[in-house]
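**Student:** Residue numbers (our numbering): 26 to 369. Note that the Cβ used here is the ideal one computed from N, Cα and C, for glycine as well. Please read all numbers here as calculations on a predicted model, not as lab measurements. This is the structure I have questions about; it appears just below.
Right, dumping it as structure tokens:
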């Protein structure tokens with residue numbers, strides 16, 4: 026797959042979908058079914074875009090610059106999405122209900138033009154084989170992922186953590202408003218603190234890795250830090266400690282996400298990076314919906330603060346999964362520096 030072409034094509038399609046929805050809003054023809062269909066389509070397309078972007082970045086920046094490039098991308102997304110898009114959206118709605126969707130459609134089309142303007146070489150591809158199918162290529166990606174001990178451990182760690190994140194996110198409003206009794210202001214304070222922390226994490230990731238020594242070791246430390254702050258968040262019944270805890274949680278989360286993405290990009294063969302990234306993403310996020318159900322059940326059974334503590338247990342378990350990888354020498358690849366391509 027040509028990742029650049031896939032990215033701009035996805036953005037064009039998203040722009041057209043969002044533009045069509047803007048017209049529907051302007052005409053007063055919106056229905057809940059239409060909104061659900063749009064949300065499903067945009068989420069599916071976002072997954073395709075993210076996989077292609079992960080595979081494209083190594084063709085755009087030098088290998089040694091991937092950590093800083095990923096940090097800048099994630100920090101920029103957080104700043105624009107949370108601190109620019111969030112305040113601007115109500116202003117646009119005040120002008121007209123359809124305007125935010127029209128502006129969003131325009132940004133997708135602008136993004137498509139920017140991606141299309143990139144000049145990259147064609148990625149290496151495995152030799153063509155007869156009978157190749159999408160199912161076979163997906164299976165090859167999963168086998169290649171599972172064949173690398175370090176990536177396998179990282180994927181299992183992220184899968185456990187995402188179950189915990191599902192539990193936390195699903196009940197975050199309940200924790201803040203009901204258990205902390207902080208109301209709307211408290212929820213804004215907590216989520217703003219989290220957003221500020223994610224930006225700070227993107228700025229500090231290089232310094233954190235240098236201080237801890239080694240990327241997998243840093244992931245282990247970050248996972249333990251996130252576990253500890255969730256324990257604080259779920260046991261200290263006061264707004265400002267909770268806001269500070271989630272700010273630190275967001276900071277550590279960005280460090281984790283940057284290193285996770287970079288490790289996948291650097292360890293996978295270029296010809297299989299898209300498939301391995303897709304397999305990693307599918308396995309690691311599959312449990313998030315179950316986590317949301319778990320969080321709801323925990324809140325009913327043990328109280329509104331329990332989802333945070335359940336999340337702490339799961340993130341802690343995810344960190345423990347990384348211990349054998351760290352003890353094995355930071356998950357150093359084989360002498361080739363890459364996991365092998367599957368044989369046709």
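Could one say the Cβ of residue 75 lies closer than 8 Å to chain C's Cβ atoms, at least one of them?
**Tutor:** The displayed structure is made up of one protein chain only, and chain C is not part of it.
**Student:** Checking 8 Å against the spacing of the C-beta atoms, do residue 275 and residue 316 come in under that value?
**Tutor:** Their beta carbons are not under 8 Å apart, which means residue 275 does not touch residue 316 by this criterion.
**Student:** Assuming residue 129 is part of the alpha helix (DSSP H), what are its boundary residues?
**Tutor:** Residues 124-141.
**Student:** Considering Cα atoms alone, identify which of 93, 35, 306 is closest to residue 132.
**Tutor:** For the residues 93, 35, 306, the minimum Cα distance to residue 132 belongs to 35.
**Student:** Can you give the beta carbon distance from residue 218 to residue 255, rounded, assuming they're within the 8 Å contact cut?
**Tutor:** That pair is no contact at about 14 Å.
**Student:** Does the contact criterion of 3 or more C-beta pairs under 8 Å hold for the segment 233-248 versus the segment 306-324?
**Tutor:** Output reads no: the segment 306-324 does not touch the segment 233-248.
**Student:** Rounded to whole angstroms, what's the CA-CA distance from residue 176 to residue 170? Just pull it up for me.
**Tutor:** Looking at the two C-alpha atoms, the distance is approximately 6 Å.
**Student:** Short check: CB of residue 325 to CB of residue 79, under 8 Å?
**Tutor:** It is not a contact, given that the beta carbons lie outside the stated cut-off.
**Student:** Suppose the cutoff is 8 Å on Cβ atoms and the five residues either side in sequence are ignored; what does the same chain contact list for residue 263 look like?
**Tutor:** Hits under 8 Å: 205.
**Student:** Could you tell me which uninterrupted beta strand (DSSP E) segments, each at least 3 residues in length, are contained entirely in the segment 46-86, listed from first to last along the chain?
**Tutor:** Runs of the beta strand (DSSP E) inside the segment 46-86: none found.
**Student:** Quick check on residue 117: does DSSP put it in helix, strand or coil?
**Tutor:** Three-state result, residue 117: helix.
**Student:** Write down every uninterrupted run of the alpha helix (DSSP H) in the segment 300-353 whose length is 4 residues or greater and which is fully enclosed by it, in chain order.
**Tutor:** Listed in chain order, the complete alpha helix (DSSP H) runs (minimum 4 residues) inside the segment 300-353 are 313-327, 331-346, 348-352.
**Student:** Taking the alpha carbon of residue 336 as the point to measure from, which residue in 194, 279, 350, 220 has its own alpha carbon closest?
**Tutor:** For residue 336, the nearest C-alpha among the options comes from 194.
**Student:** What residue range is occupied by the uninterrupted alpha helix (DSSP H) comprising residue 273?
**Tutor:** Where residue 273 is concerned, the enclosing alpha helix (DSSP H) stretches over 264-292.
**Student:** If distances are taken between C-alpha atoms only, which option among 67, 125, 74, 47 comes closest to residue 303?
**Tutor:** Among 67, 125, 74, 47, the Cα nearest to that of residue 303 belongs to 74.
**Student:** Based on Cα-Cα distance, which residue from 48, 70, 51 lies nearest to residue 37?
**Tutor:** The residue with the shortest Cα to Cα distance from residue 37 is 70.
**Student:** Of the choices 228, 307, 191, whose alpha-carbon is the least far from that of residue 339?
**Tutor:** Nearest option by C-alpha distance: 191.
**Student:** Taking the continuous alpha helix (DSSP H) assigned at residue 243, which residues delimit it?
**Tutor:** Its alpha helix (DSSP H) spans residues 240-260.
**Student:** Quick check on residue 88: does DSSP put it in helix, strand or coil?
**Tutor:** If DSSP states are grouped into helix, strand and coil, residue 88 belongs with the helices.
**Student:** Can you grab the Cα-Cα spacing for the pair residue 92 / residue 33, in whole Å?
**Tutor:** The straight-line gap from Cα to Cα measures roughly 24 Å.
**Student:** Three or more C-beta pairs under 8 Å: does that hold for the segment 121-139 against the segment 234-243?
**Tutor:** Contact between the segment 121-139 and the segment 234-243 is absent, because fewer than three Cβ pairs lie under 8 Å.
**Student:** What residue range does the alpha helix (DSSP H) around residue 145 cover?
**Tutor:** Here residue 145 belongs to no alpha helix (DSSP H), and DSSP marks it neither H nor E.
**Student:** Please list, in chain order, all residues of the same chain as residue 257 whose beta carbon is under 6 Å from its beta carbon, the five residues on each side excluded.
**Tutor:** Here the set comprises 270.
**Student:** State the DSSP-derived secondary structure class of residue 27, mapped to helix, strand or coil.
**Tutor:** Reduced to three states, the DSSP call for residue 27 is coil.
**Student:** Candidates 163, 95, 279, 65: which alpha carbon is nearest residue 307's?
**Tutor:** When only C-alpha atoms are compared, the closest one is 163.
**Student:** Assuming residue 87 and residue 298 are in contact, meaning their beta carbons sit under 8 Å apart, how far apart are those beta carbons, in whole angstroms?
**Tutor:** About 16 Å separates the two Cβ atoms, so there is no contact after all.
**Student:** Does residue 205 come out as helix, strand or coil in the three-state DSSP assignment?
**Tutor:** Residue 205: coil per DSSP, three-state reduction.
**Student:** So residue 183 and residue 343 are supposed to be a Cβ contact under 8 Å. How far apart are they, rounded?
**Tutor:** Contact flag correct, Cβ pair sits at about 7 Å.
**Student:** Going by Cα to Cα distance, which pick from 40, 280, 272 is closest to residue 236?
**Tutor:** Minimum Cα distance to residue 236 is reached at 280.
**Student:** In the DSSP assignment, the alpha helix (DSSP H) including residue 370 goes from what residue to what residue?
**Tutor:** This structure does not reach residue 370, given that the chain is present from 26 up to 369, and the question cannot be answered.
**Student:** Write down the C-beta distance between residue 29 and residue 81 rounded to the nearest angstrom, noting that I regard them as a contact closer than 8 Å.
**Tutor:** With 8 Å as the limit, residue 29 and residue 81 qualify as a contact, their Cβ atoms being about 6 Å apart.
**Student:** Should residue 85 and residue 139 be called a contact, given that it needs their Cβ atoms to be closer than 8 Å?
**Tutor:** Cβ atoms of residue 85 and residue 139: not closer than 8 Å.
**Student:** Would you report the Cα separation of residue 230 and residue 212, rounded to the nearest angstrom?
**Tutor:** The straight-line gap from Cα to Cα measures roughly 27 Å.
**Student:** Using the beta-carbon count (16 or more within 10 Å), is residue 301 buried or exposed?
**Tutor:** Buried is the call here.
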